[in-house]
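Following numbering that gives the first Met the number 0, the numbering of the sequence shown begins with 0 at its first residue and continues without gaps.
A virtual CB, placed ideally from N, CA and C, is assigned to each residue, including glycine.
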Amino acid sequence: MTTITKPRIQSIDLLKGLVMVIMALDHIRDYLHYPAYIFDPTDPNQSTFPIFFTRFITHFCAPIFCFLAGTSAFMVGKRKSKSELSSFLFKRGLWLVFIEMTIVNFAWYFDVYFRSPGLLVIWSLGISMIVLAGLVHLSRTFILVFSLVLILGHNLLDTVHFDGNVFWSILHEFTIFQLTDGVEFLVGYPIIPWIAVMALGYYFGAYYDSSYDGLQRKKLFNTIGIIAIVAFVILRFSNVYGDSALYTDYDTTTKDLMSFFNPSKYPPSLLYLLMTLGVAFIFLANAEKLKGKVVDFFSTFGRVPFFYYILHLYLIHLVALLFAELSGFGWQKMILADWMTEVPALKGFGFPLWVVYVVWVGVIALLYPLCKKFDAYKQSHKEKWWLSYL
């Protein structure tokens, strides 16, 4: 079977790179933005539109990357047998869960005691790969039905609660568990419907087969994207179904927009996924022929997302230590026993939004040459199996 053509791969790498770069903005905002320590940036009663928008654009990162991870898994499977692909996904999933609980958790807190371990985005990707390792043995029709049932129906579980039940929280409910005095465990990314998002991406990976007409793919993806966004708008206005956080009319345009475009992320509601994946489909439909230095720039990050993710967390936290020291708070306060915005000693720390954006540009500029070199190394050493885990 012929391989995927370069433009198709580049459009996916481009979208991956874009969401990875945007993701860094949110993490810098968490550490360095003064209002982050005072109020929720999506709260219409306290936030401003620039602050809200800075948070809003990062909503697209996790679901799009999870979806594209599934698409990439399908492409990897074109070079492997089903058994080989299943084994690879299972082992890489376990690896990501391990990395989440060690290297990633430490990056967030710099706490050698690990007093706030959490199941966050890398965990959700790992678990989704483990589930996908089993799904790849089933028919594409089953994978599509499985994905749609979970994505469309999981909000029926919003009213189901089991206090103190870790298993249920891992499945579908954001929860912070107090383990002992000073030690808590965060379930930030319950696996439903993340496992379905990756599986859906795997299903749509088949549309990048060289035998599938590019114009038909463009038409199909545009149609799906438009339907998803229209469905989001209708359901959001009606408040009938699809999100536990209802849209509220505040009688002011700015507040109304903030409420409207703030569906639930933990776990991602149907409306959240319609909004974000709808945009992803439209982007993928129309980005295949994009070329140039800007495309190459963002695609570089998209080809080495894991490498970039780990580096950007450590770099941002080190920058936060430096800023805390220079501003008189002391770098020690950035050795965190809790999520940074929940640490009382950091109330009053932070900088205006423009500083966040300046630091963001600086972080991306510093990481680009490193990612470019690592990308070149991966491309020239494809025989090294361990690179597929990075």
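Exposed unless 16 or more other CB atoms sit within 10 angstroms - verdict on residue i
{"i": "residue 211", "result": "exposed"}
{"i": "residue 1", "result": "Residue placement at residue 1 is poorly supported in this model, since its pLDDT is 35, which falls under 50; the coordinates still yield a value, given next. Residue 1 is exposed by the Cβ-count criterion."}
{"i": "residue 368", "result": "exposed"}
{"i": "residue 4", "result": "In this predicted model, residue 4 has a pLDDT of only 38, less than 50, meaning its place in the structure is not dependable enough to derive any value."}
{"i": "residue 78", "result": "exposed"}
{"i": "residue 160", "result": "exposed"}
{"i": "residue 32", "result": "buried"}
{"i": "residue 7", "result": "Residue placement at residue 7 is poorly supported in this model, since its pLDDT is 44, which falls under 50; the coordinates are not used for a value here."}
{"i": "residue 136", "result": "exposed"}
{"i": "residue 51", "result": "buried"}
CB of residue i within 9 Å of CB of residue j, strictly
{"i": "residue 316", "j": "residue 30", "result": "yes"}
{"i": "residue 129", "j": "residue 93", "result": "yes"}
{"i": "residue 276", "j": "residue 241", "result": "no"}
{"i": "residue 202", "j": "residue 73", "result": "yes"}
{"i": "residue 408", "j": "residue 103", "result": "Given that the chain is displayed from residue 0 to residue 389, the structure contains no residue 408 and the question cannot be resolved."}
{"i": "residue 213", "j": "residue 99", "result": "no"}
{"i": "residue 199", "j": "residue 143", "result": "yes"}
{"i": "residue 370", "j": "residue 303", "result": "yes"}
{"i": "residue 61", "j": "residue 127", "result": "no"}
{"i": "residue 265", "j": "residue 173", "result": "yes"}
{"i": "residue 43", "j": "residue 258", "result": "yes"}
{"i": "residue 192", "j": "residue 231", "result": "no"}
{"i": "residue 63", "j": "residue 207", "result": "no"}
Whole-number beta carbon distance between residue j and residue i, since they are thought to touch under 8 Å
{"i": "residue 390", "j": "residue 345", "result": "What the structure shows of the chain is the stretch from 0 to 389, and residue 390 is not part of that stretch, so it cannot be assessed."}
{"i": "residue 24", "j": "residue 67", "result": "About 19 Å; that fails the 8 Å criterion."}
{"i": "residue 389", "j": "residue 306", "result": "6 Å"}
{"i": "residue 169", "j": "residue 189", "result": "6 Å"}
{"i": "residue 187", "j": "residue 273", "result": "That belief does not hold up - the Cβ atoms of residue 187 and residue 273 are roughly 22 Å apart, past 8 Å."}
{"i": "residue 69", "j": "residue 224", "result": "Between residue 224 and residue 69 the Cβ distance is about 17 Å, and since that is not below 8 Å, they are no contact."}
{"i": "residue 300", "j": "residue 16", "result": "4 Å"}
Residues bridged to residue i (per DSSP)
{"i": "residue 183", "result": "177"}
{"i": "residue 118", "result": "186"}
{"i": "residue 350", "result": "32"}
Problem - Completely contained alpha helix (DSSP H) runs for the region 240-293, where each covers 4 or more residues - result: 252-259, 269-285
Exercise for the section: Please go through the region 184-227 and give each complete alpha helix (DSSP H) segment of 4 or more residues, from N-terminal end onward. Expected result: 190-204
Handout entry: Complete beta strand (DSSP E) runs within the region 95-180 (minimum length 3 residues, chain order)
Key = 174-179
Problem - alpha helix (DSSP H) runs contained entirely in the region 15-93, provided each spans 4 or more residues - result: 48-55, 60-76
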